[in-house]
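Here's the structure we're looking at; comments come further down.
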Amino acid sequence: MDYNIKKELNKIRTGFLKVKKEIKDLKKEKKLLEKISNKENLDIDRLKKEIEFLKKVIYNIQTSNEVIIKEEKKEIIGNRVSLKVHYSSCPFAKKISPEHMVLFPTLKEAKKKGYSECICITQKN
Ligand SMILES: [Zn+2]
90 MDYNIKKELN KIRTGFLKVK KEIKDLKKEK KLLEKISNKE NLDIDRLKKE
140 IEFLKKVIYN IQTSNEVIIK EEKKEIIGNR VSLKVHYSSC PFAKKISPEH
190 MVLFPTLKEA KKKGYSECIC ITQKN
């Protein structure tokens with residue numbers, strides 16, 4: 090398999106596993122919450138704390154998803170033929186054939202090598 094595709098797949102898999110774990114934690118917390126609310130002496134403060142915790146877990150799931158999306162966009166792909174650089178999310182980047190593809194660690198690095206930015210980069214900055 091192509092190295093870039095493999096790398097991207099691994100990244101998506103890691104992100105998925107992270108979210109899966111968060112959901113598992115969330116379910117555990119939900120069970121705990123149910124147990125607490127079933128007790129005769131309902132401890133409102135404790136319940137509130139549990140709810141706060143659940144909110145935090147949900148927030149973490151959302152932010153970890155955002156991080157995954159951001160990381161996807163950040164990947165900088167150059168085209169050896171056109172000397173243009175794109176974010177991996179750009180439709181043009183997806184059309185570059187693997188033998189013309191160059192991966193750059195940073196945008197600066199790409200510019201140093203004489204590559205110019207596609208509108209997918211200039212529009213977002
Ligand atoms: Zn582009």
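For what it's worth, my numbering labels the leading residue of the sequence shown as 90, then goes sequentially.
Even glycine gets a Cβ: it sits at the ideal position worked out from N, Cα and C.
Between the C-alpha atoms of residue i and residue j, what's the straight-line distance to the nearest angstrom?
{"i": "Ala199", "j": "Lys173", "result": "9 Å"}
{"i": "Leu143", "j": "Glu97", "result": "30 Å"}
{"i": "Thr195", "j": "Lys137", "result": "45 Å"}
{"i": "Phe105", "j": "Gly203", "result": "36 Å"}
{"i": "Thr211", "j": "Lys120", "result": "48 Å"}
{"i": "Thr152", "j": "Arg102", "result": "16 Å"}
{"i": "Pro180", "j": "Asp132", "result": "54 Å"}
{"i": "Lys107", "j": "Asp114", "result": "11 Å"}
{"i": "Lys197", "j": "Glu206", "result": "11 Å"}
{"i": "Lys95", "j": "Glu164", "result": "14 Å"}
{"i": "Arg135", "j": "Lys201", "result": "57 Å"}
{"i": "Lys183", "j": "Asn93", "result": "12 Å"}
{"i": "Glu118", "j": "Lys145", "result": "11 Å"}
Looking at the secondary structure, which residues open and close the beta strand (DSSP E) in which residue i lies?
{"i": "Lys183", "result": "Counting along the chain, Lys183 falls outside any beta strand (DSSP E), though it belongs to the alpha helix (DSSP H) covering Pro180 to Lys184."}
{"i": "Val191", "result": "Met190 to Phe193"}
{"i": "Val170", "result": "That residue, Val170, is in no beta strand (DSSP E); it is neither H nor E in DSSP."}
Give the C-beta separation of residue i and residue j to the nearest angstrom, bearing in mind that I take them to be a contact with Cβ-Cβ under 8 Å.
{"i": "Glu123", "j": "Ile150", "result": "Not confirmed; about 20 Å, so no contact."}
Identify the continuous alpha helix (DSSP H) that holds residue i and give its terminal residues.
{"i": "Leu196", "result": "Leu196 to Lys201"}
{"i": "Cys207", "result": "Unbroken run through Cys207: none, as it is neither H nor E."}
Can you tell me whether residue i is buried or exposed, with buried defined as 16 or more other CB within 10 angstroms of its CB?
{"i": "Tyr176", "result": "buried"}
{"i": "Ile208", "result": "exposed"}
{"i": "Ile140", "result": "exposed"}
{"i": "Ile215", "result": "This structure leaves residue 215 out entirely; the chain is present only between 90 and 214."}
{"i": "Ile185", "result": "buried"}
Quiz prompt | Cβ contact (3+ pairs, closer than 8 Å) linking the stretch 188–202 and the stretch 165–177 | solution = yes
key: Shell residues, 5 Å Cβ cut-off relative to heavy atoms of ligand 2   = Only ligand 1 can be found as ligands here, which leaves ligand 2 out of the picture.
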